[in-house]
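First the structure, in the form of structure tokens, and then the observations on it.
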Amino acid sequence: MRISVLGIMALVLLAWARPAIAEPSSPPPPHPRILEAAQAPRAARILSRVPLAYAPLMSQAQRRRDFLEKIELAKGLLGVRRLVEIRKETLAMIPPGMEVSWEYLRGCRWPGGDRVGVTLSVPVWVPAGARKVQSFCAFEKKWQSVAQTPSRPSGYVWFSPNLADINNKAGYRAETIQFEVNSKFAPLVGLLLEYIFREGYYDPPQRLPLMAVRGAEDTYAVSARTAPVVAECLSFPDNESDCLAAGVARCRYNNLAEIYHGHHAPASNHRLGLAFDLNDFNYPGVVDGAPNPVSHSLRQFNRDAMHKLDARQIPGWVYQAAKSLGLRIPQEWTYEGYNTDWEHLDVGTK
Ligand SMILES: [Zn+2]
């Protein structure tokens, strides 16, 4: 009798210590939502009609089938077959001769009344100790202008300084991230990011920490008026090979804007709200650092090995999911002769 009581106590302790997994009793996380639902009621309604399921003990195959079904449903409700159609429709709103800018487009209206620019809130995993940092947008030529002068808030990113925390998936917590996007694209982006979250909900080793999602913007940065930080990232022996012998670099930056910033070319789908980058950071001072927005190295094709070294790297299954949604994925860019931009997903151009 005494032994069985001890056994029960051990089981209770084990259950308590185990990381959260999808048990029937665990509450489902919030679904993706548009913050300005009253400004884009049609898109908000479509988003609310395609929530991913959180049934008890869903298998990977069931989750994938649910994802594919919701994609079809969302595309039908949006009246979109190929995603590039949204690009053509959005470009048609720009007056002839005007430089394409998100700051202009976000205030435009779709036929039917939805505002083009909305803020999407989605569930994400973040490492233990990660902290939230406000981000800003403006129609500026340099990110430094956005970082140093008061600009329009446009969502937030997460900052986590230690690679040990970043790679400790059992220690992650469920949070949300917010970024801007074209309202006609929002239900589809929401589906992909919720799918990424849900995989980690059912299967903790699959967790991907999404700490920066750069969506619709011309130029963006966090404020340069933050304290200096020390952050860890990987540094590789070269910029070209498939060598995975990375060392952990501890880099000191004057402020967080040195890590979180960006400027998009006028032709970029970001300016139309039809592109998004996952975990796009800048770590000056490292070689092909991880994750790195633009890389020519062969190691970038070894996605799962890169993800094991630094969990912020995007594993292969995410790109497969993105492709099944109809997005253009980075691997396609190599056929167009451009630099490979590894976290960039968009509606394509043709
Ligand atoms: Zn991009």
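For the sequence shown, position 40 (counting from the first letter as 1) is numbered 124 according to the working numbering, and the numbering increases by one without interruption. Positions of the beta carbon are idealized from the N, C-alpha and C atoms, including for glycine.
Return the Cβ separation of residue i and residue j in integer angstroms, given the expectation that the two are a contact with Cβ distance under 8 Å.
i, j, result
"valine 370", "serine 319", "4 Å"
"valine 241", "methionine 295", "6 Å"
"histidine 115", "proline 135", "4 Å"
"lysine 226", "histidine 347", "7 Å"
"tryptophan 209", "phenylalanine 281", "7 Å"
"valine 314", "valine 217", "Between valine 217 and valine 314 the Cβ distance is about 15 Å, and since that is not below 8 Å, they are no contact."
"valine 265", "lysine 434", "Contact doesn't hold; Cβ gap of about 21 Å is too wide."
"proline 245", "glutamate 316", "6 Å"
With DSSP run on the structure shown, which of helix, strand or coil describes residue i?
i, result
"isoleucine 261", "strand"
"arginine 291", "coil"
"tyrosine 337", "strand"
"tyrosine 138", "coil"
"glutamate 169", "helix"
"tryptophan 46", "Because the chain is modelled from 85 through 434, residue 46 falls outside the range shown and cannot be assessed."
"tryptophan 426", "coil"
"threonine 233", "coil"
"glycine 299", "coil"
"valine 202", "strand"
"glutamate 156", "helix"
"phenylalanine 243", "strand"
"alanine 248", "helix"
"histidine 380", "coil"
"glutamate 316", "strand"
"lysine 407", "helix"
"aspartate 361", "strand"
"histidine 391", "helix"
"arginine 215", "strand"
I'd like the list of long-range same chain contacts for residue i, defined as Cβ closer than 7 Å, with 5 residues on each side in sequence excluded.
i, result
"proline 350", "Glu183 and Val184"
"asparagine 338", "Pro312"
"alanine 270", "Ile118, Ala127, Leu131, Val202 and Leu204"
"lysine 253", "Pro288, Pro289, Arg291 and Ala395"
"aspartate 430", "Asn353, Leu358, Ala359, Leu411 and Arg412"
"proline 108", "Its pLDDT being 38, under 50, proline 108 is placed unreliably in this model, and the coordinates cannot settle the point."
Skipping 5 residues on each side, what residues in its chain have a beta carbon closer than 6 Å to that of residue i?
i, result
"alanine 212", "Asp249 and Gly255"
"glutamate 283", "Gln290"
"glutamate 120", "Val202"
I'd like the list of long-range same chain contacts for residue i, defined as Cβ closer than 8 Å, with 5 residues on each side in sequence excluded.
i, result
"alanine 106", "Interpretation of alanine 106 is limited by its pLDDT of 46, a score under 50 that renders its predicted location unreliable; no figure is taken from the coordinates."
"glutamate 278", "His115, Pro116, Pro135, Leu136, Val206 and Pro207"
"arginine 165", "Lys159"
"glutamine 397", "Asn363, Ala374, Pro375, Arg387, Met390 and His391"
request  = Specify which residues have a beta carbon nearer than 6 Å to any heavy atom of ligand 1, listing them in chain order.
outcome  = Shown in chain order are the residues whose CB sits closer than 6 Å to a heavy atom of ligand 1: His354, Ala359, Asp361, Asp425 and His428.
ask   = Do the stretch 294 to 305 and the stretch 337 to 357 make contact, defined as three or more Cβ pairs closer than 8 Å?
value = A contact between stretches requires three or more CB pairs, one per stretch, nearer than 8 Å, and the stretch 294 to 305 meets this requirement with the stretch 337 to 357.
query = Do the stretch 235 to 247 and the stretch 213 to 221 make contact, defined as three or more Cβ pairs closer than 8 Å?
reply = yes
ask   = Pairing CB atoms from the stretch 199 to 211 with CB atoms from the stretch 323 to 330, are three or more of them under 8 Å?
value = no
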